[in-house]
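The structure under discussion appears below in the form of structure tokens.
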């Protein structure tokens, strides 16, 4: 039995279905992420787990027990809010020990746990400071310590890194992974930032319009998106409308109008004649002046339409026959050579027969 | 910094002085100057028909400078007693206003945005009619023939208790004091409560606090600045009130305000009136200083 079971949960707000028949199983000790664009229902779902909102239909079970009749203050789980919601009139120590005070923890135990918590989030020197005297990262660590101090079964994190600047966020991500591993508490993390989700999670549920589109490990989600939405939402991807010519157990052959034939890995339920989308990640697309890409099974001629220099990589947009655009990503591994190709250069692009995939719809 | 930058800064400074100057001068002239005049007047002798006796005149009459009024103030305990009574009455008014205004302010702050303005308007609506008339209205409400007093007395009769008179009593004074000052407590409290981050209450609940704990550990401590400013806005004017006891109080319900008014308009002893009002100012400043110290200790986080 999973630690947290979400069974057919639906939540309507007026005519809008915020969460639509969602079922998820979250295992103990997991770092689980709800990922989706704003309005996809991820925060509503999180608030229902915390108890601030109730499902119109369905059940939320913690260790097999329905939470419906348990008010938020009695649920053995805590939330780290996006704004951290630190109590401005309390010091770091008073904030962190607040949950212990509420559960009437004896003073001896409180002191011991406080010391542990302060060391764990490296805030020993800031114990007597007020929240307004702390930096963004420190506030975030206080919120984490406060959420973890009385050892809840679950910690819910609502866009908890969104308020940090990009550089700090990366550092905090590493800290968060380590912290979760050390405390062994299940984390349910809500975010709209797919890179964050990929970096942090054991498993991710991608949400869209109140529904769960796919639940998988980060690498599976990125490598084998189940549908167009997931493919498009996670990372960058080239999508080309295509029709199945032939489907075998080893591969599918696709026809792209104006471009020709593409060979892609097989898809069990694809049938000849089906219209769909061929998708391929930019880093899987090779680009060259000469015949190097031509050795690959799928290769096409085109001209460089535009390029984006991003420091570590450059993204080339290549215009193929019939106006089809393909993005190819090239690492800038040689210092100083920012541009390998110029806009307007005639180039060849290609990819291996086992790269990319055919998606229904 | 180049020249034009310096010029800009001095222009900004000039604007600041021009804008803040008039109110500053206004306050200086109309607050500081009268206070100084009061202090000077308190060391003089009263004039024969009110006003002040001349500094130098016919040696047969009292003239010049004296500390007689201060000696007089401390010679009879009755004045100190009226001071204490007035302070207690103002404290009671402040406390009752706080207890009544807090739930109201909280209700307004938690209401949907569209209805808040209307509710605030209702709170200040009584100001639209004349203060005196509103106080006289309480005479009717509390009078011996009023439905309220008759109902009360018939209830008391059931329990075998002698009938009471509401009007011309400290009770009537207190009721009207609370009535008159309630909006001054509601508004600062509401202004404070409205700014609270609702996520703080969610967080408190999430961390195990029940409704009672959420109020006493989060809402109330965060509202203390509003509590202090509301209390100051009620307590200080309540201390100087003289109309309410005069209209609704009995003969023994005189407060400092009445006493001071009496010195200027009744017995025409301006120096003693001045002494009394200086004493009042000192009392208010002491209390304000004390509350500010209390507030500063609690308000370090702001």
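Chains as they are written, first to last, in the numbering used here: chain A, -18 to 342; chain B, 208 to 509. For each residue, glycine too, the CB sits at the ideal point set by N, CA and C. Keep in mind the model is a prediction, meaning the values are calculated, not measured.
Measure the C-alpha to C-alpha separation of residue i and residue j and round it to an integer number of angstroms.
i	j	result
residue 415 of chain B	residue 236 of chain B	56 Å
residue 229 of chain A	residue 247 of chain A	7 Å
residue 400 of chain B	residue 426 of chain B	8 Å
residue -13 of chain A	residue 36 of chain A	10 Å
residue -16 of chain A	residue 168 of chain A	12 Å
residue 330 of chain A	residue 299 of chain A	8 Å
residue 373 of chain B	residue 354 of chain B	12 Å
residue 428 of chain B	residue 72 of chain A	13 Å
residue 221 of chain B	residue -8 of chain A	60 Å
residue 15 of chain A	residue 186 of chain A	5 Å
residue 224 of chain B	residue 217 of chain B	11 Å
residue 155 of chain A	residue 206 of chain A	25 Å
residue 469 of chain B	residue 301 of chain B	25 Å
residue 345 of chain B	residue 388 of chain B	14 Å
residue 184 of chain A	residue 333 of chain A	28 Å
residue 171 of chain A	residue 264 of chain A	27 Å
residue 334 of chain B	residue 261 of chain B	43 Å
residue 434 of chain B	residue 58 of chain A	34 Å
residue 188 of chain A	residue 176 of chain A	15 Å
residue 251 of chain B	residue 270 of chain B	7 Å
Using beta carbons (cut-off 9 Å, strictly below), is residue i in contact with chain B?
i	result
residue 55 of chain A	yes
residue 24 of chain A	no
residue 167 of chain A	no
residue 246 of chain A	no
residue 69 of chain A	yes
residue -5 of chain A	no
residue 172 of chain A	no
residue 210 of chain A	no
residue 64 of chain A	yes
Determine the burial state of residue i: buried for a count of at least 16 other Cβ atoms within 10 Å of its Cβ, exposed for fewer.
i	result
residue 43 of chain A	buried
residue 341 of chain A	exposed
residue 139 of chain A	buried
residue 284 of chain A	exposed
residue 250 of chain A	exposed
residue 239 of chain A	exposed
residue 141 of chain A	buried
residue -11 of chain A	exposed
residue -4 of chain A	exposed
residue 132 of chain A	exposed
residue 509 of chain B	Bear in mind that a pLDDT of 47 at residue 509 of chain B, under 50, signals an unreliable position, so the number given afterwards is only what the model happens to contain. The residue in question, residue 509 of chain B, is exposed, as its Cβ has fewer than 16 Cβ neighbours within 10 Å.
residue 233 of chain A	buried
Where does residue i fall in DSSP's three states?
i	result
residue 102 of chain A	coil
residue 509 of chain B	With a pLDDT of 47 at residue 509 of chain B, under the threshold of 50, the modelled position of that residue is not reliable, and the figure given next carries that caveat. In this structure, residue 509 of chain B counts as coil in the three-state DSSP scheme.
residue 333 of chain A	coil
residue 412 of chain A	Outside the displayed range of chain A (-18 to 342) lies residue 412 of chain A, so it cannot be described from this structure.
residue 70 of chain A	coil
residue 144 of chain A	coil
residue 190 of chain A	coil
residue -9 of chain A	strand
residue 461 of chain B	coil
residue 261 of chain B	coil
residue 221 of chain A	strand
residue 206 of chain A	coil
residue 367 of chain B	coil
residue -18 of chain A	coil
residue 230 of chain A	coil
residue 134 of chain A	coil
Quick one: does residue i have its CB under 9 Å from some CB of chain A?
i	result
residue 396 of chain B	no
residue 460 of chain B	no
residue 321 of chain B	no
residue 433 of chain B	no
residue 257 of chain B	no
residue 429 of chain B	yes
residue 417 of chain B	yes
residue 424 of chain B	yes
The ligand SAM heavy atoms versus the CB of residue i: any closer than 8 Å?
i	result
residue -2 of chain A	Summarising the ligand content, the structure contains no ligands, and the ligand SAM is consequently not present.
### Query
Counting pairs of Cβ atoms below 8 Å between the region 227 to 243 of chain B and the region 448 to 458 of chain B, do you hit three or more?
no
### Task
Please name the residues in the region 71 to 91 of chain A whose beta-carbon is closer than 7 Å to at least one beta-carbon of chain C, in chain order.
No chain C is present in this structure, whose protein chains are A and B.
### Inter-stretch contact (C-beta, 8 Å, three-pair minimum) for the region 107 to 125 of chain A and the region 83 to 92 of chain A
no
### Message
Count Cβ pairs between the region 402 to 422 of chain B and the region 464 to 477 of chain B that sit closer than 8 Å; are there 3 or more?
### Response
no
### Query
Touching or not, the region 273 to 285 of chain B and the region 355 to 374 of chain B, by the rule of three or more beta carbon pairs under 8 Å?
no
### Stretch-stretch touch, CB-based, cutoff 8 Å, three pairs: the region 215 to 227 of chain A with the region 38 to 57 of chain A
no
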